[in-house]
Amino acid sequence: MLVCDLVDSTALVERIGDSAAAALWRRHDRIARDLVHRHGGREIDKTDGFLILFERAIEAVAFALAYQRALKTLGEDCGEPLRARVGIHVGEVLMWPNSVHDIADGAKTHEVEGLAKPVAARLMALALPGQILMSGIAFGLAQRAAVELDTPTEARWVEHGRYRFKGLPTTTKVHEVGEPGLAPLTAPPSGPKAQRAIPWWRRPATLAVEAVAVLAAVGIGLALTMRAQPVIAFAERDWVVLGDVRNLTGESLLDDSLATAFQISMEQSRHVNVLPELKLQAALARMQRPPGTTLDREVASEIALREGARAVILPTVAEIGGRVRVSAELVDPRTQTTVYAESADGIGVDSTLNSIDLVTQQLRGRLGEALKAIERDSMPLPQVTSASLDALRAYALGEAAYAQSRLDEARTSYQHALHLDPQFALASIGLARIEVRTDHLEAGLKHAEQARSWQDRLTERDALYVDAWIASFGKPEPAAQKWRLMGSMYPDFHTAHYNEALAEHLMLNRQGECERIAAMADQPQYAYRGDAVYLRATCLTADNRLAEAVTEFARADELGVYGSGLFHTYALVAADRVPEALARLDAMDESLAPNADWDKALARALIALDQGQHDAARSHLDELAATTYGAGSRGTSVRDLANLSFSLLHGDQDAFRAILPLAMERATIDLQNDSDAERRRGLYSALALGYLAARGGFVAQAEALLDQTAGLAETSEFPLQQQLAKLVRAQVALSKGQHDEALRLLQQDAAEPLLLQWHVTRLATLKALGQTAEARRAADELSQARGQAFSESGISPGLRVQNIVDVSMALLTAAELAAAEGENPTVHARLRAFEARWTERQWPDSIRSRVGAIRPE
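Quick note, this note's numbering runs 12 ahead of the 1-based positions in the sequence shown.
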């Protein structure tokens with residue numbers, strides 16, 4: 013906010029007369045408003061000067077400097093000295109529009125109020141003629157962007173000390189910016205509404221005055237003791253920035269461990285939210301500051317203003333009189349003034365954790381949290397972290413390494429923490445996160461279960477987190493419910509919303525729910541916000557809302573995403589933006605995600621198949637075997653399913669018959685795996701294999717696979733496995749000519765989120781029953797399901813090959829159904845669409861003959 017006012021404007025009017033003054037004001041206002049527009053300001057009010065809002069402090073400074081230069085030029089032109097006072101401050105304001113009737117009666121269009129307004133006004137009133145005064149926060153924000161200024165002479169930045177403004181509870185640091193020759197560049201004198209804060213011992217005085225000063229000091233001390241404490245506008249679930257701990261003890265052991273301890277202690281609150289470390293580092297990057305920049309009062313306050321945090325906490329640990337004191341200041345980031353300060357003393361460095369507990373509980377109370385809630389949600393730090401400061405420091409180093417994706421280093425640190433404290437539950441959670449992130453699910457589950465066995469070493473939030481995570485290795489509905497519970501109890505712990513959305517997407521195929529819940533994690537304070545937006549975009553793709561999906565993927569890119577971004581590529585292909593998709597694939601950094609080489613080979617195969625390049629697709633599928641991920645049974649299963657799909661497409665029964673027995677043998681081995689996760693994957697693959705066998709007319713083999721999986725799918729409580737088992741039975745019934753039975757089996761799942769192959773089998777069943785009109789509608793809908801074909805979750809990746817084949821082939825089926833009803837224009841339209849997808853020279857003989865049978869003359 014900028015407030016400016018012309019000096020002695022009334023005297024000027026008296027001197028030159030009303031007419032001349034009116035002409036001068038018109039010139040002045042035009043010049044000023046042009047400068048406001050040039051520097052991105054918004055005029056709110058005008059009298060002899062202006063009240064203007066700017067998005068950035070540097071824009072306000074640029075305007076003020078240009079305005080002072082323009083006034084000098086205008087004054088020289090009209091022969092009258094023109095000078096202005098300017099005050100600039102940064103802070104929150106409330107703005108509301110006036111009614112149309114009030115504006116018609118002469119009111120301004122908008123009203124603005126807030127503490128920033130009187131602060132800016134006080135600065136302006138304090139300024140000398142030609143002077144631009146700024147608050148400390150405005151000065152700090154603007155000076156760092158000073159390179160953006162375009163001034164004839166280099167502007168000078170001056171500090172004038174602290175002033176106490178009338179009506180404000182704390183002193184304000186006052187700075188000046190100006191150009192030599194135009195600006196006074198000197199400290200303004202005290203006035204009726206602003207007093208410079210000078211220590212009393214620096215004021216010249218006689219002995220009598222000193223006595224009065226002593227009495228005054230006593231009186232002031234009593235007044236300060238009795239007056240109401242300043243407050244900070246903090247509401248439940250607001251955010252705070254935790255600054256770096258100032259360690260004045262000389263004990264390096266405390267450097268990393270105490271920052272982590274403060275974070276964990278504050279995060280036990282459901283009333284106060286702590287901005288995550290990753291968000292702090294991202295904010296530093298946007299501020300063009302190097303990683304690891306000290307989060308002192310100034311830097312932490314700027315981050316708080318940028319990220320919407322209401323307060324800053326600045327912890328300090330020092331040795332005073334043989335005791336170790338832990339203290340913390342609660343700072344208002346708008347003014348950078350300390351609102352509250354709390355401290356606790358202990359004997360020796362081992363006392364620091366208990367002292368941190370006391371200090372954070374006092375701060376939570378200052379921020380409005382109820383005493384009962386503090387007692388309920390607080391566990392002693394030595395219990396929920398570690399009584400060993402060495403172990404806590406090792407854990408803190410592991411957290412820092414994990415946040416920067418240095419996973420090997422993080423693993424070593426967590427392991428060392430567990431070596432020092434064998435029941436350090438948080439370190440075990442850290443190891444679990446690393447194993448899951450590197451796709452070692454069984455190892456991750458083992459570490460998570462170990463952490464849960466030390467339940468009394470976990471905060472309530474961490475205990476819920478571990479329970480939900482362990483549930484994620486099991487049945488999908490309980491897992492989603494666990495994350496939902498955690499999200500309801502800790503609504504600003506956005507990881508809970510993200511993981512619930514992930515369960516809806518991957519295990520329950522409820523894409524609409526996934527999209528809705530992922531949006532709850534799309535919050536500025538979430539460290540992995542880009543991943544939440546990416547997940548939402550993936551669900552939109554699977555729901556065939558491609559335009560929305562592509563927009564959201566682009567936003568996720570801007571926010572930053574962990575991983576390869578493969579599903580962004582799929583969305584672009586599904587939206588017929590293949591060149592862009594291939595460019596993304598070529599530029600993919602394989603170091604960003606485990607098994608990225610596998611993902612790229614599979615993606616190239618699916619894209620080639622979608623474009624009708626069947627030989628190229630097969631070649632890329634063969635590349636899967638060269639990857640580490642594809643060398644095992646998982647990769648073999650995908651190639652088996654893909655080759656069976658190609659055999660179906662080409663009508664090659666001999667090739668299908670040759671592949672099927674060995675594929676069934678491999679599926680049987682996978683179903684007997686000791687690992688629950690691998691056995692579950694094996695069940696998906698076996699059911700997908702049974703489905704393709706039934707489609708190929710190998711009914712006996714499909715029924716044999718159903719027998720092998722009998723009971724597993726029905727009792728697994730995995731809805732997609734249950735649906736896939738019913739789908740195999742329906743396809744078997746269809747292949748046997750039992751069309752009514754096939755339709756009955758399909759209708760059992762009609763209310764559930766449906767796999768794409770459910771729609772394929774239903775289309776074939778309707779066609780077999782002679783329900784041509786309904787079959788045509790089903791074929792048209794299936795041909796539009798391109799997003800689902802590429803991004804469907806809960807199936808074997810090998811079945812995606814069949815998905816993509818069937819979505820394209822639905823166009824040909826729609827043309828055949830239209831031909832059966834003699835609707836030649838529709839036949840032409842569907843064939844043109846099919847030929848645009850797969851050009852004629854790429855057709856196998858089976859497709860060529862089908863097209864030839866219906867192509868109108």
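Using N, Cα and C, we set each Cβ at its ideal position, and we do this for glycine too.
- Counting along the chain, no alpha helix (DSSP H) covers G749, and no H or E run does either.
- Under a 10 Å Cβ-count criterion, K291 is classified as buried, with 16 or more other Cβ atoms of the shown protein chains found around its own Cβ.
- Between I70 and A154, the gap from beta carbon to beta carbon is short of 8 Å.
- Beta-bridge analysis with DSSP links V124 to M107.
- With a beta-carbon spacing of about 14 Å, S649 and Q814 fall beyond the 8 Å limit used to define contacts.
- P204 and L138 have their C-alpha atoms spaced approximately 9 Å apart.
- In the displayed model, G358 falls within a strand according to three-state DSSP.
- Judged by DSSP in its simplified three-state form, F62 adopts strand.
- For F274, the enclosing alpha helix (DSSP H) has its first and last residue at 266 to 279.
- Closest in C-alpha terms to L14, from the list R27, F62, E26, comes F62.
- Ranked by Cα distance from L746, the first of T721, A712, L317, A706 is A706.
- For the pair of segments examined, the region 157 to 167 was found to touch the region 182 to 196: the number of CB pairs separated by less than 8 Å reaches three.
- Annotated three-state conformation of R337 is strand, per DSSP.
- C-alpha of H452 to C-alpha of S631: approximately 29 Å in a straight line.
- When C-beta atoms of the region 681 to 698 are compared with those of the region 840 to 859, fewer than three pairs fall below 8 Å, so the two segments do not count as touching.
- Residue range 289 to 298 is occupied by the alpha helix (DSSP H) that includes L296, with no beta strand (DSSP E) assigned at that position.
- In this structure, L106 and G126 form a Cβ contact; the two beta carbons are roughly 5 Å apart against a cut-off of 8 Å.
- Residue burial is scored here from C-beta neighbours: E314 has at least 16 other C-beta atoms within 10 angstroms and is therefore classed as buried.
- When DSSP states are grouped into helix, strand and coil, W850 belongs to the coil group.
- Straight-line measurement puts the Cα of L717 at about 18 Å from the Cα of T773.
- DSSP places L14 inside the beta strand (DSSP E), whose first and last residues are 14 to 18.
- Taken through DSSP and simplified to helix, strand or coil, V257 comes out as coil.
- Taking all protein chains shown into account, L260 has fewer than 16 neighbouring C-beta atoms within 10 Å of its C-beta and is therefore exposed.
- Counting only the Cα atoms, F246 lies some 13 Å from A382.
- Taking the Cα of Q467 as reference, the smallest distance to any Cα among S440, F485, S400, G456 is reached at S440.
- Judged by their CB atoms, P536 and G255 are not nearer to each other than the 8 Å cut-off.
- Relative to Q760, the option among F579, W251, Q734 whose CA is nearest is Q734.
- The residues L746, H751, in chain order, have a CB closer than 7 Å to that of A780 in the same chain once the five nearest residues on each side in sequence are set aside.
- For the set T784, G810, I816, the Cα lying nearest the Cα of A831 is the one of T784.
- Note that the C-beta distance between A444 and A460 is below 8 Å.
- Going by DSSP, R174 is part of no alpha helix (DSSP H) but of the beta strand (DSSP E) stretching over 168 to 177.
- H187 is bridged by DSSP to M146, E171.
- Approximately 13 Å separates the beta-carbon atoms of L370 and V329; this is outside 8 Å, ruling out the contact.
- Within a 10 Å sphere around the beta-carbon of L674 sit fewer than 16 other beta-carbons, which makes this residue exposed.
- G87 sits in a helix when the DSSP states are folded into three classes.
- In the DSSP assignment, P192 is bridged to A195.
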